[in-house]
Amino acid sequence: MNIAIVASATGTKRHHILAVARELGRDHHVTIYSRRDSADGKPRTRVAPGVTVEHIDVGPAHDLSPADVMPYLSDVGQYLSRRWSQERPDVIHAHSWTGGLAAVTGAKGLNVPVTQTFHTVDAAHVKLERALGRNARTVIAGSGDEESALIRLGVPRNNIAVVPYGVDTERFHRTGPVATKGSRKRLLHLGPLTPERGAPTIIRALAGLPDVELVLAGGPEPDQLDDDREARRLRALAEQLDVADRVSLVGQVKRTAVPKLIRSADAVVSLPRESTTGIVALEAMACGVPVIASAVGAHLDSVIDGVTGLLVPPDRPARTARLARELLTDPTLRTALGYAGADRARSRYSWERVSQELVRVYELACA
Numbered sequence: 025m026n027i028a029i030v031a032s033a034t035g036t037k038r039h040h041i042l043a044v045a046r047e048l049g050r051d052h053h054v055t056i057y058s059r060r061d062s063a064d065g066k067p068r069t070r071v072a073p074g075v076t077v078e079h080i081d082v083g084p085a086h087d088l089s090p091a092d093v094m095p096y097l098s099d100v101g102q103y104l105s106r107r108w109s110q111e112r113p114d115v116i117h118a119h120s121w122t123g124g125l126a127a128v129t130g131a132k133g134l135n136v137p138v139t140q141t142f143h144t145v146d147a148a149h150v151k152l153e154r155a156l157g158r159n160a161r162t163v164i165a166g167s168g169d170e171e172s173a174l175i176r177l178g179v180p181r182n183n184i185a186v187v188p189y190g191v192d193t194e195r196f197h198r199t200g201p202v203a204t205k206g207s208r209k210r211l212l213h214l215g216p217l218t219p220e221r222g223a224p225t226i227i228r229a230l231a232g233l234p235d236v237e238l239v240l241a242g243g244p245e246p247d248q249l250d251d252d253r254e255a256r257r258l259r260a261l262a263e264q265l266d267v268a269d270r271v272s273l274v275g276q277v278k279r280t281a282v283p284k285l286i287r288s289a290d291a292v293v294s295l296p297r298e299s300t301t302g303i304v305a306l307e308a309m310a311c312g313v314p315v316i317a318s319a320v321g322a323h324l325d326s327v328i329d330g331v332t333g334l335l336v337p338p339d340r341p342a343r344t345a346r347l348a349r350e351l352l353t354d355p356t357l358r359t360a361l362g363y364a365g366a367d368r369a370r371s372r373y374s375w376e377r378v379s380q381e382l383v384r385v386y387e388l389a390c391a
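Residue numbers (our numbering): 25 to 391.
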C-alpha cells in the first residue's frame with residue numbers, strides 16, 4: 025500500500041507520526057509530506073526502510089503556528105496535487121486541520137480516500153473541522169473521549185475509528201537501568217511545569233505525604249530553571265508548603281534517559297487537565313511503574329482504575345495525596361498495578377498494534 029501522510033505536527037504528535045510511519049514502513053511505502061520548517065536538510069530524506077519525509081519548500085523555513093501557516097496551505101495543496109498526479113497514493117492520512125486543508129486540495133479529482141486525525145478539536149476552527157470531518161472517508165480519534173468530542177462536532181459516528189497513541193515498548197519496559205535515588209519513596213512528574221499539566225497539584229499533594237520525595241522532570245534545560253517563571257512558581261509553592269527539601273526540579277531530561285528515571289520511581293503522577301495522548305501514563309505503565317493519572321481524555325481508555333493504575337479528578341491535591349499514600353504504603357498493590365499496566369501497554373498500545381489498526385482503517389477507506 026502506498027500511504028501519504030500530510031503533517032505539520034510538533035512535539036509528541038510528531039514523534040507519534042514518525043514512530044507509526046516506521047512501523048508501517050515494514051510492509052508498506054510511506055511518504056510524510058510536511059512544510060519545510062528548517063533551512064537545513066535535503067528536500068527528501070529516507071528516515072527508515074519504506075519511509076520518506078518530503079519537505080515542501082513553501083513559506084518561511086521555520087516553525088509557524090497554525091494561524092500563521094494558513095496563508096501557505098493553498099500552495100502546499102497545489103504542490104501535493106502535482107506530486108500525487110505523478111505518483112498517486114492509495115490512501116491519504118492528514119494530521120490536524122492544517123494538514124486536512126492541504127490534503128483535500130491535493131487530493132481533488134484523484135479519487136483517493138482521505139482519512140483525518142485532528143488530535144484535538146480546535147475551538148477557533150470548529151466550522152472548518154466540522155467540514156473536514158464530514159468530508160473525510162474516516163476520522164481517526166485517539167481515544168473514546170476524542171470520539172465523543174467529534175460526534176458533538178457533527179462528525180457521523182459511523183465515520184469515526186478509534187486508534188490510540190502508542191508507546192515504544194522496546195525502549196520502555198520493566199527491565200533495564202534505573203536512575204539513582206535515596207531511601208525515600210519517589211513520585212515522578214514528567215512534562216511541562218504548568219498548572220494545566222498538574223505540577224502544582226502534585227506539590228500540594230506532597231504536603232500530605234511525609235518522607236516522600238517528588239522529582240519534576242520537564243520544562244526548560246537544567247541551566248535555565250532559575251530564569252523560568254513556572255519553575256520559580258513551583259519552588260515558591262514548595263517553600264510555602266514547607267516541602268522544598270523534598271522537591272527536585274531537574275529540567276529537561278534526554279529522551280534516552282527517561283526510561284531509567286521512570287524505573288526509579290515508586291509511582292508516576294500524571295495529572296493534566298486535558299490528555300490527548302496520555303503518553304506519560306503509557307510510558308510508566310510500559311515500565312511496570314504504577315501510575316496515578318487524571319481521569320480525563322486518553323487516560324480514561326488506557327488506565328483501568330484499580331487494575332492498571334489509579335484515576336483521580338484533576339486539581340484535587342487532597343485526593344491525590346490519599347491515593348498516593350495508599351499506593352506507597354502497599355507494595356503488593358504497586359506490584360499488581362505495575363504488572364497489569366505493563367501487560368496492557370504491551371498488548372494494546374505497542375507501535376505494532378497501533379500500526380495494524382491503522383492499516384485496517386486504511387483498507388476499509390480504500391474499499
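By construction, the Cβ of each residue, glycine as well, lies at the ideal position given by its N, Cα and C atoms.
| Asked | Found |
| --- | --- |
| DSSP three-state assignment for L335, whether helix, strand or coil | strand |
| DSSP state of D102 mapped onto helix, strand, coil | According to the sequence displayed, residue 102 carries Gln and not Asp. Looking at Q102 - three-state DSSP - the assignment turns out to be helix. |
| Check whether L212 and L258 have beta carbons under 8 Å apart | no |
| E399 vs S379 beta-carbon contact at 8 Å | The chain is shown from 25 up to 391; residue 399 falls before or after that span and cannot be answered. |
| 7 Å CB neighbourhood of N26 in its chain, flanking five on each side removed | H53, P113, D114 |
| Beta-bridge partners of T141, as assigned by DSSP | H119 |
| Ranges of the beta strand (DSSP E) found wholly within the stretch 195–272, counting only runs of at least 3 | 209–214, 236–241 |
| Proximity test, I41 beta-carbon vs the ligand SAH heavy atom, cut-off 7 Å | This structure does not include the ligand SAH; it has no bound ligands of any sort. |
| Backbone CA spacing between E350 and D146 [nearest angstrom] | 38 Å |
| As assigned by DSSP and simplified to three states, the class of D192 | coil |
| Residue closest to Y363, alpha-carbon to alpha-carbon, out of S294, G333, D99 | G333 |
| Where S468 falls: helix, strand or coil (DSSP) | Past the boundaries of the shown model lies residue 468; the chain is included only from 25 to 391, so the question cannot be answered. |
| For G130 and Y103, the rounded distance between their alpha carbons | 7 Å |
| Short Cβ contact (8 Å threshold) for A260 with L273 | no |
| Under the three-state DSSP convention, the category I328 falls into | coil |
| C-alpha gap between V320 and V336, whole angstroms | 9 Å |
| Top-ranked residue by Cα proximity to L174, from T141, A268, A308, G312 | T141 |
| Residue burial classification, S294 (beta-carbon count within 10 angstroms, cutoff 16) | buried |
| Residue from R346, K66, E78, R50 whose Cα sits closest to the Cα of R59 | E78 |
| P137 vs G222 beta-carbon contact at 8 Å | no |
| Segment limits, alpha helix (DSSP H) that includes T344 | 341–352 |
| Through-space distance from R377 to T144, alpha-carbon basis | 22 Å |
| Under 8 Å between C-beta atoms of I80 and Y57 | yes |
| Environment of G190 [buried if 16+ CB atoms lie within 10 Å] | buried |
| C-alpha distance - H117 paired with E111, whole-angstrom precision | 16 Å |
| DSSP state of Y57 mapped onto helix, strand, coil | strand |
| Assigned secondary structure, N159 (DSSP; H/G/I helix, E/B strand, else coil) | helix |
| Through-space distance from G215 to P188, alpha-carbon basis | 20 Å |
| Residue range of the beta strand (DSSP E) that includes V136 | Where V136 is concerned, there is no enclosing beta strand (DSSP E), given that its DSSP letter is neither H nor E. |
| Among L152, G365, K205, nearest to G123 - alpha-carbon criterion | L152 |
| Candidates T356, V44, K37: closest to S374 by CA position | V44 |
| The stretch 155–165 / the stretch 264–271 touching (three or more Cβ pairs under 8 Å) | no |
| Beta carbon of A262 nearer than 8 Å to that of A345 | no |
| DSSP beta-bridge partners of E78 | Y57, R68 |
| Counterpart residues of I303 in DSSP-defined beta bridges | None; I303 has no bridge partner. |
| S379, DSSP secondary structure in three states | helix |
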